[in-house]
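In this note's numbering, the protein residues as written are 11 to 479. Worksheet: the structure to be examined is printed underneath.
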Ligand SMILES: [Zn+2]
Ligand SMILES: [Zn+2]
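Rendered as structure tokens:
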């Protein structure tokens, strides 16, 4: 069954909350705008903008009336933005996830819903902000016969320096406190543990780093995990791939079969659910599966998948924790550099492109399958071939280190126990022993910042992955 959710950039949520809860005595309301991000199992309404009412466009009389003038302006703006319409209002005396009153449902679902869907091509969304700052939301879809169905959302996700989820308690109830998680829970408290347990995490790539990230996620208590990979185990993976053995390499078992064998046994959640997605993030089928996640881990080693994940982080408001190991050994055996880097990208954070974390010049070569073409590799000069080989150098301790730093990034994103949310990019230099965080921002003309909340449309970044045999 399709699941519904809402995602809002942190700064926009802050504006809305500040405006709407300025006077807690009175109910208040505004129009906002949304675009769709549709995954395989979840449809998300991405809130992209709102329209501040002029004086007297919202009439307060215990309840509120939004005037025809305001509604007309909102409809025009929705068309301009090529977006759907959201009616946001407050329940100032309420706390926790609010359900719409029968009056709310009549206004949103019957009075304006069908008209708005007809005009914008998107269902009407109703959102309620309670006095304690909790959001709730629902989609009102109208069929061709004019009958409206209300789909209550499972969550509202606020995405920025932090990732804060407000859960619908009927669809995602608080999980039980489990004895096997007591040490973990004691670090950040029961409420944050309940939040982490209810996240759906996607790990893209089940290699050395991906397998270690998954192990930590399921032990920390994540209940729903999407693992994506298309590769098979080779003999040269055995020194780094958690849970793999000689038999896997001899039989060329899929890396996903190791995930399937090990992760359910390692999971501390009582209702652990593993979703295996065999494929590549750059292909539509798997791309849409990734859009079901609340957070993604980029455990890929090529530039093209990184570009796609960067795209998802901004256009679909799903934070991506990314990292990499870079080791270069000179021909005389000296280690020239050995660096481990991790960063989290998404709205209000610097993107992978601006951070220089992928080489855009190599993407076309990867799309064309050139870099894995034996003919191309044979024809490289000795130095070029040596450089290419060095790109896949790694040792398990560096993967363990990287997966730990990435998990630290994730923990801070979702718990905020260091009160910063965004730790910045962390870089560990093995040769000097230094760990240096840096806080970059995107270039002023960064295309990803411009495309925040664009949704799952217009996807030239996808294609056929030649790395899949
Ligand atoms: Zn209401
Ligand atoms: Zn950028």
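All residues carry an ideal CB built from backbone N, CA and C; glycine is no exception. None of these values were measured; they are calculated from a predicted model.
>> I'd like the list of long-range same chain contacts for residue 176, defined as Cβ closer than 6 Å, with 5 residues on each side in sequence excluded.
In response: As a first step, residue 176 must be located in the chain shown, where it is residue number 166. Answer for residue 176: 144, 145 and 166, listed in chain order.
>> Distance check for residue 399 and residue 393, CA to CA, integer angstroms please.
In response: Within the chain shown, the letter at position 383 stands for residue 393. Within the chain shown, the letter at position 389 stands for residue 399. Between residue 393 and residue 399, the C-alpha separation is close to 10 Å.
>> Beta-carbon within less than 7 Å of residue 160's beta-carbon, same chain only, minus the 5 sequence neighbours each way: which residues are those?
In response: Position 150 of the chain shown, counted from the first residue, corresponds to residue 160. Closer than 7 Å at the Cβ level, and outside the excluded window around residue 160, lie 115, 119, 148 and 150.
>> For residue 56 and residue 460, I'd like the C-alpha separation in whole angstroms.
In response: Position 46 of the chain shown, counted from the first residue, corresponds to residue 56. Position 450 of the chain shown, counted from the first residue, corresponds to residue 460. If I take the Cα positions, the gap works out to 14 Å.
> So who's on the other strand from residue 147, going by DSSP bridges?
Replying inline: Within the chain shown, the letter at position 137 stands for residue 147. According to DSSP, residue 147 bridges with 137.
>> Nearest by alpha-carbon distance to residue 465: which of 31, 43, 348 and 261 is it?
In response: Position 455 of the chain shown, counting from 1, holds the residue named residue 465. Comparing Cα positions, the closest option is 43.
>> Can you determine whether any heavy atom of ligand 2 sits closer than 7 Å to the C-beta of residue 318, and answer yes or no?
In response: In the chain shown, counting from the first residue as 1, residue 318 sits at position 308. No - ligand 2 has no heavy atom lying nearer than 7 Å to the Cβ of residue 318.
> Got a sec? Which residues, its chain only, sit under 6 Å from residue 256 by beta carbon, not counting five neighbours each side?
Replying inline: As a working mapping, residue 256 is identified with position 246 in the chain shown. Counting only Cβ-Cβ distances below 6 Å, and skipping sequence neighbours, we find nothing.
> Where does residue 66 fall in DSSP's three states?
Replying inline: As a first step, residue 66 must be located in the chain shown, where it is residue number 56. DSSP places residue 66 in coil when its eight states are reduced to three.
> Does ligand 2 have a heavy atom nearer than 7 Å to the CB of residue 321?
Replying inline: In the chain shown, the residue the question calls residue 321 occupies position 311. Incorrect: residue 321 has no Cβ contact closer than 7 Å to ligand 2.
> For the alpha helix (DSSP H) that residue 74 lies in, which residues bound it at each end?
Replying inline: By 1-based counting over the chain shown, the position of residue 74 is 64. It is not in any alpha helix (DSSP H) - residue 74 instead sits in the beta strand (DSSP E) that spans 73-76.
>> Measuring only the C-alpha atoms, how far is residue 503 from residue 338?
In response: Here the chain comprises residues numbered 11 to 479, so residue 503 is not present and cannot be evaluated.
>> Let me check understanding here. Comparing Cα to Cα, which of 263, 131 and 141 lies closest to residue 152?
In response: Position 142 of the chain shown, counted from the start, is the residue given in the question as residue 152. Selected option, being the one with the closest Cα: 131.
> Three or more C-beta pairs closer than 8 Å, one from the region 61-81 and one from the region 302-320: is that the case here?
Replying inline: no
> Can you list every residue whose CB sits closer than 7 Å to some heavy atom of ligand 2, going in chain order?
Replying inline: 360, 361, 363, 364, 452, 453, 456, 458 and 459
>> Which residue wins for smallest C-alpha separation from residue 156, given the options 121, 112 and 142?
In response: Numbered from 1 along the chain shown, position 146 holds the residue referred to as residue 156. Ranking 121, 112 and 142 by Cα distance to residue 156 puts 121 first.
>> Our contact map puts residue 215 next to residue 239 with C-beta atoms below 8 Å; I'd like the distance itself, whole angstroms only.
In response: Taking the first residue of the chain shown as position 1, residue 215 is located at position 205. Taking the first residue of the chain shown as position 1, residue 239 is located at position 229. Residue 215 to residue 239, Cβ: 6 Å. Contact.
>> Which of the three DSSP states is assigned to residue 263 in this structure?
In response: Translated into the one-based positions of the chain shown, residue 263 becomes position 253. Note: residue 263 maps to coil in three-state DSSP.
> Within this structure, are the beta carbons of residue 382 and residue 395 separated by less than 8 Å?
Replying inline: The residue you call residue 382 lines up with position 372 of the chain shown. The residue you call residue 395 lines up with position 385 of the chain shown. For residue 382 and residue 395, no; Cβs fall outside 8 Å.
>> Rounded to the nearest angstrom, what separates residue 437 and residue 389 at their Cα positions?
In response: As a first step, residue 437 must be located in the chain shown, where it is residue number 427. As a first step, residue 389 must be located in the chain shown, where it is residue number 379. Cα-Cα distance, rounded: 35 Å.
> In the structure shown, what three-state DSSP assignment does residue 238 receive?
Replying inline: Within the chain shown, the letter at position 228 stands for residue 238. If DSSP states are grouped into helix, strand and coil, residue 238 belongs with the strands.
> Of all the alpha helix (DSSP H) runs that stay within the bounds of the region 159-235, which reach a length of 4 or more residues?
Replying inline: 192-207 and 218-230
> What are the uninterrupted segments assigned as beta strand (DSSP E) that are 3 or more residues long and contained completely in the region 279-351, given in chain order?
Replying inline: 283-288, 305-308 and 330-339
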